[in-house]
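Notes follow once the structure below has been shown.
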Amino acid sequence: MAQDQGQFGKVIRIEANAFQGDAGRITFSENPVGTKNPVYRPHNYGAKDGGISVIFGSYFDGQHLGNRSQCPHGANPDGCVVGKPNTPLRLARNALPTFIARDGSNPNSPSLSGSPQFNGPITMVFDKDVAGVGLAGGFFNASRSTAIQAFDRVGNLIGGVKNLHEGMEYLALVTEDGQNAIAGLQFSLVGAEPAGYAIDDLTFALASQLNRSQIPSLADVLAAPAVKPANGAVAKPSGGLSDLFGAKKPMAAAKPTPSKPAAGGAGSLSDLFKTD
Numbered sequence: 368m369a370q371d372q373g374q375f376g377k378v379i380r381i382e383a384n385a386f387q388g389d390a391g392r393i394t395f396s397e398n399p400v401g402t403k404n405p406v407y408r409p410h411n412y413g414a415k416d417g418g419i420s421v422i423f424g425s426y427f428d429g430q431h432l433g434n435r436s437q438c439p440h441g442a443n444p445d446g447c448v449v450g451k452p453n454t455p456l457r458l459a460r461n462a463l464p465t466f467i468a469r470d471g472s473n474p475n476s477p478s479l480s481g482s483p484q485f486n487g488p489i490t491m492v493f494d495k496d497v498a499g500v501g502l503a504g505g506f507f508n509a510s511r512s513t514a515i516q517a518f519d520r521v522g523n524l525i526g527g528v529k530n531l532h533e534g535m536e537y538l539a540l541v542t543e544d545g546q547n548a549i550a551g552l553q554f555s556l557v558g559a560e561p562a563g564y565a566i567d568d569l570t571f572a573l574a575s576q577l578n579r580s581q582i583p584s585l586a587d588v589l590a591a592p593a594v595k596p597a598n599g600a601v602a603k604p605s606g607g608l609s610d611l612f613g614a615k616k617p618m619a620a621a622k623p624t625p626s627k628p629a630a631g632g633a634g635s636l637s638d639l640f641k642t643d
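Its first residue numbered 368, the sequence shown is counted upward by one per residue in the working numbering.
If you want it as structure tokens, here you go:
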């Protein structure tokens with residue numbers, strides 16, 4: 368790479384103009400301040416029926432918060448996540464919640480915060496695989512302190528991008544071949560961040576919702592077969608958000624309504640959370 372873009376793995380760093388107008392967009396003003404682990408179905412953020420649903424939590428089932436010996440030098444253990452996610456990709460039920468919070472450092476407040484406020488990780492799972500995800504992160508007081516990292520449906524890390532500047536920064540990525548392979552995204556510490564962080568203005572897109580002309584590495588890529596999970600693993604098709612929870616009642620969420628099974632993602636909302 369001629370210029371370091373803070374990207375790693377099999378992703379390409381992109382800008383906001385890489386998303387078409389029909390991509391999904393969540394501002395976190397759709398629900399009241401204080402909402403924990405919000406759930407967004409298409410109608411919650413103004414998308415058409417059959418769109419993508421998203422559920423939030425702290426980290427994936429199989430992961431946990433690290434300690435100082437496990438985390439990068441200077442990283443606060445409250446925001447440092449370690450461990451490989453279990454298969455299928457789901458959120459850890461017993462983790463501290465994410466929640467919508469007023470944020471004086473963000474001109475477009477409210478934001479979504481982890482726990483403790485402005486110091487915990489934020490993780491999301493999509494009920495259908497997507498090709499690209501972006502968000503506004505900050506307010507950063509150090510460069511390369513945080514990263515967004517994309518995972519496939521069986522818990523393999525696809526790749527990620529780090530913040531390169533202080534202040535508010537747009538962090539976004541797309542799979543290197545532009546195919547729908549991202550089942551979940553995690554925003555967490557990868558270095559020392561002295562003053563905290565949150566996310567806002569989340570955007571996510573299927574391959575068909577990307578402006579490939581704005582992604583030079585993809586501009587000449589022709590349609591390719593669907594990406595297979597790494598290591599020969601087979602991703603479980605999913606039909607709706609309840610498959611991303613377990614059998615227990617989901618934690619506080621935006622008033623859910625029954626959804627029809629949808630191919631190519633999670634089976635239902637409850638399956639996006641671990642059973643125990």
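Glycine included, every Cβ here is placed at the ideal spot set by N, Cα and C.
Comparing alpha carbon positions, the residue from PRO474, PHE507 and GLU382 closest to ARG579 is GLU382.
Secondary structure of HIS440 (DSSP, three-state): coil.
Contact between the segment 485-505 and the segment 543-553 is present: three or more C-beta pairs spanning the two stretches fall below 8 Å. Bridge pairing for ARG380: LEU540 [DSSP]. When only Cα atoms are considered, SER482 and PHE466 end up about 8 Å apart. In the DSSP annotation of this structure, the continuous segment of the beta strand (DSSP E) that includes SER480 starts and ends at 478-480. Separation of THR513 and GLY417 (C-alpha to C-alpha, rounded to the nearest whole angstrom) is 32 Å. Put simply, the backbone Cα of LYS529 is about 19 Å away from that of ASP519.
A direct Cα-to-Cα measurement between ARG457 and ASN398 gives close to 23 Å. At a Cβ-Cβ threshold of 8 Å, PHE395 and LEU502 do not count as neighbours. In the DSSP assignment, SER425 is bridged to no other residue. Within the segment 564-589, complete beta strand (DSSP E) segments of at least 3 residues are found at 565-572, given in chain order.
A distance below 8 Å between beta-carbons, with the five flanking residues on each side excluded, links GLU560 to the following residues of its chain, in chain order: ALA442, ASN443, GLY446, PHE507, ASN508, ALA509, SER512 and THR513. Closest in C-alpha terms to SER555, from the list ILE515, LEU540, GLN374 and ALA562, comes ILE515.
In the three-state scheme derived from DSSP, where H, G and I count as helix and E and B as strand, GLY433 is classed as coil. If you look at SER555, you'll find it in the beta strand (DSSP E) that goes 549-556.
In the DSSP assignment, THR394 falls outside any beta strand (DSSP E), carrying neither H nor E. The beta-carbon distance between PHE386 and GLN546, rounded to whole angstroms, is 16 Å. This is too long to meet the 8 Å contact definition. Taking a contact as a CB-CB distance under 8 Å, the pair GLN430 and ALA459 counts as one, their CB atoms being some 7 Å apart. When the five nearest sequence neighbours on each side are left out, the beta carbons in the same chain lying within less than 8 Å of the beta carbon of VAL421 are those of GLY391, ILE393, VAL406, TYR407, MET491, VAL492, PHE493, ASP494, LEU569 and PHE571, in order along the chain.
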